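Trainee:
There are 2 protein chains.
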Amino acid sequence: MTFRIRTDGDSRLYEQIYEHIKGEIRSGKLLFGERLPSTRSLAEYLQVARSTVDYAYAQLLSEGYIESRPCKGYFVCSVEELLQLDGDMGAYSGDPGEGAARAGRDAARTRQNPPWAGRDAARAGQSQSGTSRQAFDPGYAVDFSPYDIDMAGFPFGVWKKITKNVLTFANSDLFAKGEAQGDYELRRTISRYLHSSRGADCRPEQIIVGAGNDYLLLLLEKILGPRTRIAMENPTYRQSYRIFGSFAYTIVTVDMDEHGMRADKLEQADVSAAYVMPSHQFPTGTVMPIGRRMELLKWADGGADRYLIEDDYDSEFRFRGKPIPALLASDRHGKVIYIGTFSKAIAPAIRVSFMVLPQPLLEKYEAECSFYSCTVSRIDQSVLNEFIGEGYFERHLNKMRKIYRAKHDLLLECLADMGEEFRVSGENAGLHLLLTAENGLSERELVQRGADRGVRVYGLSESMVEEAPDSRTVLLGFGGVSTDGIRKGLGLLKEAWKGGNM
Amino acid sequence: MTFRIRTDGDSRLYEQIYEHIKGEIRSGKLLFGERLPSTRSLAEYLQVARSTVDYAYAQLLSEGYIESRPCKGYFVCSVEELLQLDGDMGAYSGDPGEGAARAGRDAARTRQNPPWAGRDAARAGQSQSGTSRQAFDPGYAVDFSPYDIDMAGFPFGVWKKITKNVLTFANSDLFAKGEAQGDYELRRTISRYLHSSRGADCRPEQIIVGAGNDYLLLLLEKILGPRTRIAMENPTYRQSYRIFGSFAYTIVTVDMDEHGMRADKLEQADVSAAYVMPSHQFPTGTVMPIGRRMELLKWADGGADRYLIEDDYDSEFRFRGKPIPALLASDRHGKVIYIGTFSKAIAPAIRVSFMVLPQPLLEKYEAECSFYSCTVSRIDQSVLNEFIGEGYFERHLNKMRKIYRAKHDLLLECLADMGEEFRVSGENAGLHLLLTAENGLSERELVQRGADRGVRVYGLSESMVEEAPDSRTVLLGFGGVSTDGIRKGLGLLKEAWKGGNM
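Same order as they appear, the protein sequences are chains A and B.
So that you can map any letter, position 381 of the first sequence is 380 in numbering that gives the first Met the number 0, and since no number is skipped, the others follow by simple counting.
So that you can map any letter, position 14 of the second sequence is 13 in numbering that gives the first Met the number 0, and since no number is skipped, the others follow by simple counting.
#1: Give me, in chain order, the residues of the same chain whose beta-carbon lies closer than 7 Å to that of S190 (chain A); leave out the 5 immediate sequence neighbours on both sides.
#2: Kindly indicate which residue of A:V382, A:T482, A:E362 has the alpha-carbon position closest to the one of V351 (chain A).
#3: Measure the C-alpha to C-alpha separation of N397 (chain A) and N164 (chain A) and round it to an integer number of angstroms.
#4: At 8 Å on the CB atoms, spell out the chain B contacts of P502 (chain A), in chain order.
#5: What residue from B:T482, B:G490, B:G429 has the CA that sits closest to P322 (chain B)'s CA?
#6: To which residues of the same chain is G478 (chain B) closer than 7 Å at the C-beta, ignoring the five residues directly before and after it?
#7: Counting only C-beta atoms, is E367 (chain B) closer than 8 Å to chain A at any point?
#8: Could you check how far apart the C-beta atoms of A210 (chain B) and A210 (chain A) are, in whole angstroms? I think they sit under 8 Å.
#9: With H, G and I counted as helix, E and B as strand and the rest as coil, what does DSSP make of L82 (chain A)?
#10: Assuming H19 (chain B) is part of the alpha helix (DSSP H), what are its boundary residues?
#11: Give me the chain B residues within the contact set of Y183 (chain A), using Cβ-Cβ distance strictly less than 7 Å, ordered along the chain.
#12: Report the three-state DSSP secondary structure of R49 (chain B) (helix, strand or coil).
#13: Name, in chain order, the residues that DSSP records as bridge partners for I161 (chain A).
#14: Label K71 (chain B) either buried or exposed according to how many other C-beta atoms from any shown protein chain fall within 10 Å of its C-beta, with 16 as the threshold for buried.
#15: What separation, rounded to the nearest whole angstrom, lies between the Cα atoms of Q358 (chain A) and T340 (chain A)?
#16: Buried or exposed for A299 (chain A), going by 16 or more other Cβ atoms inside 10 Å?
#17: Leaving out the 5 sequence neighbours to the left and right, which residues in its chain are closer than 7 Å to I485 (chain B) when beta-carbon positions are compared?
#18: Output the boundary residues of the beta strand (DSSP E) element that contains E184 (chain A).
#19: Could you name the residues of the same chain whose beta carbon sits closer than 7 Å to that of K221 (chain A), not counting the 5 residues immediately before and after it, in chain order?
#20: Apart from the five residues on each side of it in sequence, which residues of its chain come closer than 6 Å, Cβ to Cβ, to P154 (chain B)?
#21: In terms of alpha-carbon separation, which member of A:S77, A:R39, A:L296, A:P468 lies closest to G32 (chain A)?
#22: At a Cβ cut of 9 Å, what residues of the segment 341 to 362 of chain B count as close to chain A, listed as they run along the chain?
#23: Rounded to the nearest angstrom, what separates G499 (chain B) and L492 (chain B) at their Cα positions?
#24: With a Cβ-Cβ cutoff of 8 Å, do D304 (chain A) and K343 (chain A) count as a contact?
#25: With distance defined between alpha-carbon atoms, name the residue in A:V251, A:E18, A:Y371 nearest to A268 (chain A).
#26: Candidates A:E466, A:A467, A:D469, A:V456: which alpha carbon is nearest W496 (chain A)'s?
#27: Pull up the CB-CB distance for R49 (chain B) and A42 (chain B), whole angstroms please, since I reckon it's below 8 Å.
#28: In angstroms with no decimal places, state the Cα-to-Cα distance between Y183 (chain B) and N384 (chain B).
#29: Closer than 7 Å by beta-carbon distance: list the chain B residues that pair up with I378 (chain A), in chain order.
#30: Is V473 (chain B) near the ligand SAM, in the sense that its beta carbon is under 7 Å from a heavy atom of that ligand?
#31: In this structure, does DSSP put A428 (chain B) in helix, strand or coil?
#32: Less than 8 Å between the CB atoms is what I'm expecting for Y13 (chain A) and T51 (chain A), so what's the real figure, rounded?
#33: Whose C-alpha, out of B:S40, B:A262, B:L489, is nearest the C-alpha of R448 (chain B)?
#34: Going along the chain, which residues of its own chain have a beta-carbon closer than 8 Å to the beta-carbon of I349 (chain A), five neighbours each way excluded?
#35: Apart from the five residues on each side of it in sequence, which residues of its chain come closer than 8 Å, Cβ to Cβ, to A262 (chain A)?
#36: If you scan the segment 252 to 279 of chain B from start to end, which runs of the alpha helix (DSSP H) of 4 or more residues do you find wholly inside it?
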């Protein structure tokens, strides 16, 4: 493996390494099972800091291109599906996968306009709408809700300024009825945002703006048809489960492993749609590796009516490595229905979500649903459009990432000395992590003992589709908790859980 | 018939007369078929201007309590259903029907707090959301769209001021997620508004706030169940027809006569829900008289699962007499689902509608749909709440009523000399009227000849559920047309249609 590190340009070293190796794997130059050089030897060879290579490898690990075998090193994962599906990739020039593949051959050209390069990554950000519960439950001194966000970070001043501007320059058009899919300008801004931050390309025409994910799923019911059989993971995001449950849908739970929904089980499930959160599964925090993504896409390819619903609810808050590209970015044949939201990255009160429809479904939407009036006012759309377009969103996300990273690191620090009795997982991204008791305490006991001391934690089984009597896992969210709250809460929890149930 | 005119207090003379006679009819003191005194003799007897009695009689006529027989005078209509349904009326103290009935016996007490007295009537106002098309079609010099409103009247200044205030005093709560049904304060304001302007009483707990009528109908589908058989009039409001059509509903069209949907036909239709616009049917402009309302309510009473969906889309714009009370105001047994909107009375961009659910459906909503997040942001809810609560809405409506009345009168004036060849109908309320050609021109010819001269009029058959090849009727909306536009447009239409097709 040879390549030259460029010191000019604005791409960071670790990104060059990451892109190069990814390109080699995707183009088949590095084969399944091949061992990569150790981080030390590659760092020496490239004359870069070892941490730079560590960083690149960590990103490749997260995305599932390579795996780490203890005491043996790093090996290329199986991505055979990738090669088959990439056959007709040429047409999708903006695709990050292709960009990466090309990077190996023509690094300079690709780097000029990387589809989700590091400096744009800061723009990343959508989130689960409608998930946060009523603000603060006075019954608890500390509430580790996995649904809350840090509202103190909301950019009041900017939001007020933009709103005032929009109203000042508004003409009566802005108070008239807008397009059913949402204002074209906002859709164009969203499509650019998806390109730069999520590595995904779509036309503004494919985007439907709506007041929250729940509403968009209601529309989707009309588009997919009421009798859809839909696959969901277990555990999964409860809100979506309830929404689908209120449809005439048949929900089939499909087993998941450490890579997410199992494609082989999906095949057996006899469904036409599968709901997944590849960038950060809720609640487990699993990041779906590229191999599994390709398997799911291949499944979708196996039937004209098969679709993957990608709920990309909090991809912007990732604490290790670069953002994981959207599944939509790997979609070659119009198989991914992408749902993003601004309710979590900005504020739940910003009732704006959006859905990207592949062509066949867009045609169905146009024929059967395009007469539904848009649920977001043009004023709100204009404010959001300016907030993103003028760079405020990017700055806001940078600020929030710092705030969340500090909370995240503090929480891990506080958890460090519980190592023996508790196992932490899902901690690389998002606004919560999972804690599994290995001292005999059940989920119910963890929750109850916390509550007895005024600390609220959330049982994993709340997200389970089926009963989970053996659960020993709780979710600890830190988005809406202050740093003092995290310290205090963890102190109380340690007392509460001390000694376990041995 | 004897009663004393009070000259003290703030109720107008014609209202006292109207309330008194209505009370006599509802309490059975005046019976079906009885002849009322002529307006002249009653005016002499009461020592009031004849126009005052005319006004009172006109209102009773509009609401269907009395009818006029040419050359014979005014007679009491059949309201036998009324008496049966009113059996348990005592419990509903705020009801206008009861208020009116009591007025006969205890006028002073009732007048102290009339549920939809004249001075509050100015507050009236909701409208069809999502009806206006894309602003102005450049292909037409004048567009008599029945869906457009006068956007020049939008209270920019006030809206801006309130928004600024709301954002200035906003704390982070306002950016957090609100209640699924909408903020309690707004719901309380809406319930007061319904009481004072629409004569209808409901608790804030019964109200669900949503981003437009289309969205609320989507929720209603979940509440009523997907397999509902629903009755609609023909012609009816096209948007609702399309929305219901996108459900798994079976739509049954039920014949209408000059009073609206026929109750006897409804009985035969084997449906569980009926969609009506009793205050002002779109497109015919029919105001459903009280007798027919009672018949419909009786039909609903005949089955536990039967409901009437009242779309009260533009009741605030009435040009003769007082506002017609809502059907909800006569509902004794929780049979009316009421839908109102602010999109027409304020601006289409104000994406706020609301739905009032009767108790059994409220329970269904709570069990099956209350997890759907509210589609209106808390900021928008707060602005609207202040707009209504601080009296701006009332003032806005007063202003708009004047503007629309002027346009309405001008349009009628321009139409006056077409009397021989055209018949005007549905002209007492709302923002459009109907024009039927009696000179041989078909609807298609009316529309086409108008278009040839750059004037857009709308065929009645656009609102027809079934084909209507014999239609000779077009709709002329005046909400979004300037007074100059009305003059110019009518001038062009007269030329276009001259001579007809004889």
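Here a beta-carbon is modelled for each residue, glycine too, at the ideal position from N, C-alpha and C.
A quick note: this is a predicted structure, and the numbers were derived from the prediction, not measured.
Mentor: Walking through what the data contain:
#1: C201, R202, P203, I206
#2: A:V382
#3: 24 Å
#4: For chain A, the structure presents residues 0 to 501; residue 502 (chain A) sits outside this window and is missing.
#5: B:G429
#6: D147, I148, D149, Y403, L430
#7: yes
#8: 5 Å
#9: Summary for L82 (chain A): the model assigns pLDDT 36, below 50, so the residue's position carries little reliability; its value from the coordinates is reported in the next sentence. L82 (chain A): helix per DSSP, three-state reduction.
#10: 12 to 25
#11: Those do not exist, as Y183 (chain A) stays about 12 Å from chain B at its closest Cβ, beyond 7 Å.
#12: helix
#13: DSSP lists no partner for I161 (chain A).
#14: exposed
#15: 21 Å
#16: buried
#17: K406, L409, L410, C413, F477
#18: First-last for E184 (chain A): 183 to 197, but that is the alpha helix (DSSP H), not the beta strand (DSSP E).
#19: E367, C368
#20: H395
#21: A:S77
#22: S342, I345, A346, P347, A348, I349, R350, V351
#23: 11 Å
#24: no
#25: A:V251
#26: A:V456
#27: 4 Å
#28: 10 Å
#29: A348
#30: With respect to small molecules bound, the structure shown includes none, and the ligand SAM cannot be examined in it.
#31: strand
#32: 5 Å
#33: B:L489
#34: F341, S342, D379, L383
#35: R291, E294, L295, K297, W298
#36: 262 to 267
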